[in-house]
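So the structure is just underneath, and the comments pick up after that.
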Amino acid sequence: VMGLYQTPAEELDTFISNDLQPNRVFKNQISTAIHTIFLFLTQNCFRNSGSAMRVLKVVKAGSSGKGTALKDVSDVDLVVFVSSITDFQDLKAKRKKIIAEIQTRLEECRESLGKDLELSIKKTKWENPRVLTFTLKSNTMGEHIDFDVLPAFDALGQLYRGYKPDPQVYIRLTESDPEGSEFSPCFTELQRNFVMALPAKLKSLIRLVKRWYKQYVLPHKKKLGGKESLPPQYALELLSVYAWERGSRDPAFNMAEGFRTVLELIRQHAKLCVFWTINYGFANETLGLYLESQLCKSRPIILDPADPTGIVGQGSRWDLVEEEAELCCAQQCCWKRNGSAVQPWNVPVRAGFPAVALIVSKGGTAQPIGCPFPCTGGARIAQGPVPSPHRSNAPSLQERQQLHLMPLWPSVVSPHCASSR
């Protein structure tokens, strides 16, 4: 079977269709397994346990929920929203107990899951785990499906079309002193909806990038030391969305060009600052100041569109991913049959903050102003020094609200951001 690196650029769509898209039989197997666990969680998990906990809802997250699952990659994320959790700190305090209770009930209900299904629960090495991991194996088909079950606080309530969270939700989140994006499962519906609404071909690009990550990037783990880590796959998914939003927006884009653009962004990771304003923004002063502090951290910055506390891939070994991206650019998948290299789209990549930003007045006229953000941790841009946030021509947060300051790039002109303004 021809691998990705041996596939000509013109044949990437066929490669995705034949090798990456899950077939109907596989989808049905996943759906059946999810339904089995869903019924357990919603009907049997805390029943007769003497606990006050009740399941409010179970949300299918990860690639299965987003519609970007890979063929023969059988992992499922289920987020369980529990009634007794009152806030983010309460979740942190009760998470270990909830996971232990779900595990106990799973072990007690093994037989009710089905005679054909074999349950295997993975032991955790963490003192305060955030996830329960187990495997369901079908003895007749020989297939197995890995589950991650994550308890969550129902911070958002009932979502509806056009829903945008109240800024107070995110203010309470930032005040809860989260460790990285530890509470991101609470916003899993927003993460899922962010990707579900994308064109089908863009989801195919995400599948292609995920295959590249699993097959060619993950082997670099052997180069990691101590507590080092590779950037998560989610970071590359977000870069894929950004590449398309700023480079094409055509639902029938050229797959090789899209893939090559993602590789180019990875090659220039030290300059990246990517965020969206579909779920949060600068209009609320408290939240706006928090976002400014996030965007002033060292590059690369890829802010989770659902959770502003999450800088995806922060502190990871991006250099190892860049190393593989360089190698990939020399493979057949990035070269045309006529011998010419596939060119990436013209997608802006910034080092630090730009010397000028655009503000849009109520009349719709764009005007250059001094950037209100300082640059920290990234190379300064070639076109001039980064202005101080205290310069007289740098607007205050209130002035930016009145003038409808467009958050600086990258995806502020994307369909996601346009719909949120």
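With our numbering applied, the sequence shown corresponds to residues 14 to 434, in that order. The beta carbon of each residue, even a glycine, is placed where N, CA and C say it ideally should be.
- DSSP, reduced to helix, strand and coil, places cysteine 309 outside both helices and strands of the structure shown, so it counts as coil.
- A straight line joining the alpha-carbon of valine 362 with that of lysine 110 spans about 44 angstroms.
- Under the DSSP definition of a beta bridge, histidine 157 partners with Lys150.
- Contact check for arginine 280 against glutamate 337 fails: the beta carbons are separated by 8 angstroms or more.
- In this chain, alanine 210 is not harboured by any alpha helix (DSSP H), its DSSP state being neither H nor E.
- Residues of the same chain with a CB within less than 7 angstroms of the CB of glycine 328, apart from the 5 flanking positions on each side, do not exist.
- Distance check between valine 68 and each of Lys79, Ile50 and Gly80 places Ile50 closest, using alpha-carbon atoms only.
- For leucine 300, the secondary structure class from DSSP, reduced to helix, strand or coil, is helix.
- DSSP places glutamate 121 in the uninterrupted alpha helix (DSSP H) bounded by 101-121.
- Per DSSP, the unbroken alpha helix (DSSP H) holding leucine 186 starts and ends at 180-188.
- For valine 275, the enclosing alpha helix (DSSP H) begins and ends at 268-280.
- Taking a contact to require three or more Cβ pairs closer than 8 angstroms, the segment 300-311 and the segment 207-217 do not qualify as touching.
- Between glycine 326 and proline 244, the gap from beta carbon to beta carbon is short of 8 angstroms.
- The three-state reading of DSSP puts cysteine 286 in strand, counting E and B together.
- Valine 208 sits buried, since 16 or more C-beta atoms from the chains shown fall within 10 Å of its C-beta.
- Here the alpha carbon of glycine 271 sits roughly 42 angstroms from the alpha carbon of isoleucine 115.
- Under DSSP, isoleucine 134 takes part in a beta bridge, and its partners are Phe147.
- Under the DSSP assignment, phenylalanine 39 falls in the alpha helix (DSSP H) whose first and last residues are 37-52.
- Per the coordinates, the alpha-carbon of glutamate 202 lies some 12 angstroms from the alpha-carbon of arginine 174.
- Sequence-distant partners of serine 87 (beyond 5 residues in either direction) whose C-beta falls short of 6 angstroms from its own C-beta, in its chain, are Ile158.
- Per DSSP, reduced to three states, the secondary structure at phenylalanine 59 is coil, with no helix or strand assignment.
- Arg220 is the residue among Leu104, Gln228, Arg220 and Tyr303 whose C-alpha sits nearest the C-alpha of serine 253.
- Judged by DSSP in its simplified three-state form, aspartate 26 adopts helix.
- Contact between aspartate 320 and serine 197 holds: CB atoms are separated by about 4 angstroms, below the 8 angstroms threshold.
- Here glutamate 258 is buried: its Cβ has 16 or more other Cβ atoms, across all protein chains shown, within 10 Å.
- With a cutoff of 8 angstroms on beta-carbon distance, aspartate 161 and phenylalanine 94 are scored as not near each other.
- By the 16-neighbour rule on beta-carbons within 10 angstroms, leucine 302 is exposed.
- If you draw a 10 Å sphere on the C-beta of proline 232, you find fewer than 16 other C-beta atoms in it, and that means exposed.
- Valine 92 counts as buried, since at least 16 other C-beta atoms from the protein chains shown sit within 10 angstroms of its C-beta.
- Here serine 217 is buried. Its C-beta has 16 or more other C-beta atoms within 10 Å.
- Setting aside the 5 residues that flank it on each side, lysine 236 is surrounded in the same chain by Leu333, each with a C-beta closer than 7 angstroms to its C-beta; the list follows chain order.
- Selection Asp100, Met15, Gln19 and Ser76 evaluated against lysine 40 yields Ser76 as nearest (Cα-Cα).
- By alpha-carbon distance to lysine 227, the top candidate from Tyr247, Lys240, Gly239 and Gly238 is Tyr247.
- Arginine 273 is positioned such that its CB atom lies closer than 8 angstroms to that of proline 357.
- DSSP places tryptophan 348 in the strand class (E or B) of the three-state scheme.
- Beta-bridge annotation (DSSP): alanine 165 is paired with Phe94.
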